[in-house]
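Chemist: Each position in the sequence shown, counted from 1, maps to that position plus 421 in my numbering.
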Amino acid sequence: MTSSRPPQACDLIDGSRREIPGDSLVSHNPASPGQIIWSGSPSIDHVDDAVDAARRALPGWMGLSIDERAGYLRQWRDVAKAHVDELADLIGREVGKPAPEARIEAGAIAGKVDLTLESTVMGRISDWTADAGTGRTGRCRYRPHGVMSVIGPFNFPAHLPNGQFVPALLAGNTVVFKPSELAPAVGQRLGELMQEAGLPPGVFNVVHGSAAESRHLCTHEGVDGILFTGSWPVGRAILEQNLDTPGRIVALELGGNNPAIVHKDADLRLAAIECARAAFATTGQRCTCTRRIIVHEEVADSFLAALCTTASTLLAGGHDDPVTPFMGPLISESARTAVLDSQRRIVSRGGRSLVPSVEMPGEGWFISAGVIEVDGFDMDHDEEIFGPLVQVCTVGSLDEAIHQARQTRYGLAASIFTSDESNFDRCFAELSTGCLNWNVGTAGASSRLPFGGVGLSGNHRPAAALAIDSCAYPVASLLQPGSDIPIPTGMTFKDEWLAVPPSSG
């Protein structure tokens, strides 16, 4: 086992470091669990301090023009770009991503700023006017919600929260960011680099913590909005905690039990490659990973042979391995145990393990890709398995395939592989999902498009290109430029009634 000295653990509040020494919260390198990446003891009192700092900074920040705020975000972009190598290394070590994938994530931070500052995004919160009749003008302007809490996930510990706090800051909100307790070092480094970018004190704050600190932040009376990425059970708890605060916006990006349909006219080479990529990317730890594959019986033998062979030959390894792996480790021992337990349950119900998912030798939380054949899917076993395990079933028609794809309460992503675009259009009409791909796997998305789901996958507040919609609200105004207005029917009004009556004394 290896060990290294972790960075000095701290929260970042009101432009200053607040040290939190201790070891009540520790992150390890999942490829080498003996290596401690970060260690600290979060303070729930710091949540109050961070919210207070963000509230004090709010008037000055929202008082800037959107172009002035954009200038600060360009500084953030430049700082993030200058630290891509450092951030990629930290992401790889703390969450176990292979080096190329970690570098893509680190590089996406600066790219998100550029995308957010494009006119197609900024224009969504630009003022506009309309003729309101009777000589009046209607105006719509957008106002920031106020103090926004951003609760980050572990699987994309830099890219996903950045995709939320950048539009929040552009819209004029101040931010309290709580990184995932599984990736605190990445979150802390983002906060340190944000300070280097020169944002005014209190505009961007970082507080660490686990469930208690998250709950306190999500229920704090000084918070005006919550941007959360994570699992449905936690998202449900956040909604429940905010039943009595309907004015607090809650934007949820949750998990998925994502189906892919392989129709009989599919390009099987393309389908096999994309289904394997989408099922096992990031070791199955993406909310968009393909969890269920529904393949037509006429092509099932060829497709499954290719899929299973591909799955059984995927390279797994650590961030620093000399041969670049496709998959890294799972984030923790408990995550690996959960995947293996799910596999046992499916097999006990009659599933046939075509490629068993097994623990891999070595000290890290490695697991091999697994494929299980089942007779079909149903709502009673609608389980999001957050790891490299995919279930497959065969069907005899597109009707049956769509029926099987609908056996989930989630609605994040789905794919169909077919040469006939009308089949894709039919899936659009019959599947409730926020992302629907044609001949492309479920995992992966474009930042130029909205990203989010329905059902247990989200609450109709998509991120990515539309994230800014959750960061400001419209204020409608009627403007009367002059005094010439009609007298309403049934009302009598004479101008002389405005005359000041003579003094009695």
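The beta-carbon is built from N, C-alpha and C at its ideal position, and this holds for glycine as well. Computed from a prediction, not measured in an experiment: that's the story for all the values here.
#1: In the structure shown, what three-state DSSP assignment does Leu736 receive?
#2: For Asp801, which beta-bridge partners are listed by DSSP?
#3: Can you have a look at Asp645 and say buried or exposed, based on whether 16 or more other CB atoms are within 10 angstroms of its CB?
#4: Report yes or no: do the region 500 to 519 and the region 567 to 585 share at least 3 C-beta pairs separated by less than 8 Å?
#5: Could you tell me whether the region 829 to 836 touches the region 874 to 887, using the rule of 3 or more Cβ pairs below 8 Å?
#6: Take Ile934 as the anchor and find which of Gly855, Thr640, Arg495 has the nearest alpha-carbon.
#7: Would Glu842 be called buried (16 or more neighbouring beta carbons within 10 Å of its own) or exposed?
#8: Below 8 Å on the Cβ atoms is my guess for Arg610 versus Leu508; work out the distance and round it to an integer in Å.
#9: Residues in its own chain within less than 7 Å of Ala553 by CB, not counting five upstream and five downstream?
#10: State yes or no: is the C-beta of Arg368 within less than 9 Å of the C-beta of Leu446?
#11: Taking just the CA atoms, how far does Ser448 sit from Glu515?
#12: Quick one: what's got a C-beta closer than 6 Å to Arg562's C-beta in the same chain, skipping five residues either side?
#13: Tell me the DSSP bridge mates of Trp549?
#14: State yes or no: is the C-beta of Asn860 within less than 9 Å of the C-beta of Glu719?
#15: Using DSSP with H/G/I as helix, E/B as strand and the rest coil, what is Ile465?
#16: Determine the closest residue to Leu590 out of Ser464, Gln812, Trp482, Asp466, with distance taken between C-alpha atoms.
#17: Using the three-state DSSP reduction, which class does Gln679 fall into: helix, strand or coil?
#18: Considering Asp762, what are the terminal residues of the alpha helix (DSSP H) in which it resides?
#19: Determine the DSSP secondary structure at Pro588, reduced to helix, strand or coil.
#20: Compare the C-alpha of Gly619 against each of Gly517, Ala826, Phe577, Tyr493 and name the closest.
#21: Around the Cβ of Gln456, are there at least 16 other Cβ atoms within 10 angstroms (buried) or fewer (exposed)?
#22: How long is the line joining the alpha carbons of Lys599 and His684, rounded to whole angstroms?
#23: Pull up the distance between the alpha-carbon of Phe845 and that of Pro680, whole angstroms please.
#24: With C-beta atoms as the reference, is Gln764 less than 9 Å away from Gly785?
#25: Assuming Ile837 is part of the alpha helix (DSSP H), what are its boundary residues?
#26: Use the C-beta contact count for Asp506: other C-beta atoms within 10 angstroms, 16 or more gives buried, fewer gives exposed.
#27: Tell me which same chain residues have a C-beta within less than 7 Å of the C-beta of Leu511, skipping the five on either side of it?
#28: Please classify Leu540: does DSSP put it in a helix, a strand, or coil?
#29: Given a threshold of 16 other Cβ atoms within 10 Å of its Cβ, counted over all protein chains shown, does Pro588 qualify as buried or as exposed?
#30: Which stretch, first to last residue, makes up the beta strand (DSSP E) that contains Ile441?
#31: Give me the Cα-Cα distance between Ala888 and Leu691, rounded to the nearest whole angstrom.
#32: Suppose you measure from the CA of Val385 to the CA of Thr863; what does that come to, to the nearest Å?
#33: Return the residue from the list Ile908, Thr650, Thr745, Pro907 that minimises the CA-CA distance to Ser570.
#34: Could you name each continuous alpha helix (DSSP H) segment of 4 residues or more that falls completely within the region 658 to 724, going from the start of the chain to the end?
#35: If we call anything under 9 Å between Cβ atoms a contact, is Gly808 one with Ser778?
#36: On the DSSP letters alone, give me the boundaries of the alpha helix (DSSP H) that Arg498 sits inside.
Modeler: Walking through what the data contain:
#1: The residue given as residue 736 occupies position 315 in the sequence shown. Residue state for Leu736 is assigned as coil, using DSSP reduced to three classes.
#2: Counting from 1 along the sequence shown, the entry for residue 801 is found at position 380. Answer by DSSP bridge pairing: none, since Asp801 is not bridged.
#3: Taking the sequence shown and counting its residues from 1, one reaches residue 645 at position 224. So Asp645 ends up on the buried side.
#4: Output reads yes: the region 567 to 585 touches the region 500 to 519.
#5: Judged by Cβ distances under 8 Å, the region 829 to 836 makes contact with the region 874 to 887, as three or more pairs qualify.
#6: Past the boundaries of the shown model lies residue 934; the chain is included only from 422 to 926, so the question cannot be answered.
#7: Start at 1 with the first residue of the sequence shown, and residue 842 comes out as number 421. Of the other Cβ atoms in all chains shown, fewer than 16 fall within 10 Å of the Cβ of Glu842; this residue is therefore exposed.
#8: Here residue 610 refers to the residue found at position 189 of the sequence shown. Here residue 508 refers to the residue found at position 87 of the sequence shown. Right, the Cβ-Cβ distance comes to about 7 Å (below 8 Å), so this counts as a contact.
#9: Numbered from 1 along the sequence shown, position 132 holds the residue referred to as residue 553. Scanning its chain for C-beta atoms nearer than 7 Å, with the 5 sequence neighbours on each side dropped, one finds around Ala553 the residues Gly559, Leu899, in chain order.
#10: Past the boundaries of the shown model lies residue 368; the chain is included only from 422 to 926, so the question cannot be answered.
#11: Residue 515 sits at position 94 when you count from the first residue of the sequence shown. Residue 448 sits at position 27 when you count from the first residue of the sequence shown. Each residue's Cα considered, the two are about 7 Å apart.
#12: Here residue 562 is taken as the residue at index 141 of the sequence shown, counted from 1. Within the same chain, Cβ atoms closer than 6 Å to the Cβ of Arg562 are found at Asp548, Val896, the five residues on either side in sequence being excluded.
#13: Numbered from its first residue, the sequence shown carries residue 549 at position 128. In the DSSP output, where bridge partners are listed per residue, Trp549 has Cys561.
#14: Numbered from its first residue, the sequence shown carries residue 860 at position 439. Numbered from its first residue, the sequence shown carries residue 719 at position 298. For the 9 Å CB-CB criterion, Asn860 and Glu719 do not form a contact.
#15: The residue labelled residue 465 in the question sits at position 44 within the sequence shown. Note: Ile465 maps to helix in three-state DSSP.
#16: Stepping through the sequence shown from its first residue, residue 590 is reached at position 169. Considering only Ser464, Gln812, Trp482, Asp466, the residue with the shortest C-alpha distance to Leu590 is Trp482.
#17: Here residue 679 is taken as the residue at index 258 of the sequence shown, counted from 1. Per the sequence shown, residue 679 should be read as Asn rather than Gln. Here Asn679 sits in strand by DSSP.
#18: Counting from one through the sequence shown, the residue named residue 762 turns up at place 341. Per DSSP, Asp762 belongs to the alpha helix (DSSP H) from 754 to 769.
#19: For the purposes of this step, residue 588 is identified with residue 167 of the sequence shown, where counting begins at 1. In the three-state scheme derived from DSSP, where H, G and I count as helix and E and B as strand, Pro588 is classed as helix.
#20: Along the sequence shown, one-based indexing puts residue 619 at 198. Comparing alpha carbon positions, the residue from Gly517, Ala826, Phe577, Tyr493 closest to Gly619 is Tyr493.
#21: Against the sequence shown, residue 456 aligns to sequence position 35. By the 10 Å Cβ count, Gln456 comes out buried.
#22: If you number the sequence shown from 1, residue 599 lands on position 178. If you number the sequence shown from 1, residue 684 lands on position 263. Looking at the two C-alpha atoms, the distance is approximately 43 Å.
#23: Counting from one through the sequence shown, the residue named residue 845 turns up at place 424. Counting from one through the sequence shown, the residue named residue 680 turns up at place 259. If I take the Cα positions, the gap works out to 14 Å.
#24: Your numbering for residue 764 matches position 343 in the sequence shown. Your numbering for residue 785 matches position 364 in the sequence shown. Taking 9 Å as the Cβ cut-off, Gln764 and Gly785 do not qualify as a contacting pair.
#25: Numbered from 1 along the sequence shown, position 416 holds the residue referred to as residue 837. Premise fails: Ile837 lies in the beta strand (DSSP E), 834 to 838, not in any alpha helix (DSSP H).
#26: The count along the sequence shown starts at 1 and reaches residue 506 at position 85. Counting Cβ neighbours within 10 Å, Asp506 comes out exposed, since fewer than 16 surround it.
#27: Position 90 of the sequence shown, counted from the start, is the residue given in the question as residue 511. Only Ala606, Val607, Arg610 meet the Cβ criterion.
#28: As a first step, residue 540 must be located in the sequence shown, where it is residue number 119. In the sequence as presented, Leu is not what sits at residue 540; that position holds Ser. Helix.
#29: In the sequence shown, residue 588 corresponds to position 167, counting from 1. Only buried fits Pro588, as 16 or more other CB atoms lie within 10 angstroms of its CB.
#30: Numbered from its first residue, the sequence shown carries residue 441 at position 20. Segment: none, Ile441 is in no beta strand (DSSP E) and carries neither H nor E.
#31: By 1-based counting over the sequence shown, the position of residue 888 is 467. By 1-based counting over the sequence shown, the position of residue 691 is 270. Going by the C-alpha atoms only, they are around 31 Å apart.
#32: With the chain represented from 422 up to 926, any question about residue 385 goes unanswered, as that position is not in the structure.
#33: Reading the sequence shown from its first residue, position 149 is the one you call residue 570. The option with the nearest alpha carbon to Ser570 is Thr650.
#34: Runs of the alpha helix (DSSP H) spanning 4 or more residues and lying entirely within the region 658 to 724 occur at 689 to 701, in chain order.
#35: Taking the sequence shown and counting its residues from 1, the one referred to as residue 808 is at position 387. Taking the sequence shown and counting its residues from 1, the one referred to as residue 778 is at position 357. With respect to the 9 Å criterion, Gly808 and Ser778 are classified as neighbours on the basis of their beta carbons.
#36: Within the sequence shown, numbered from 1, the residue matching residue 498 stands at position 77. Unbroken alpha helix (DSSP H) run through Arg498: 487 to 503.
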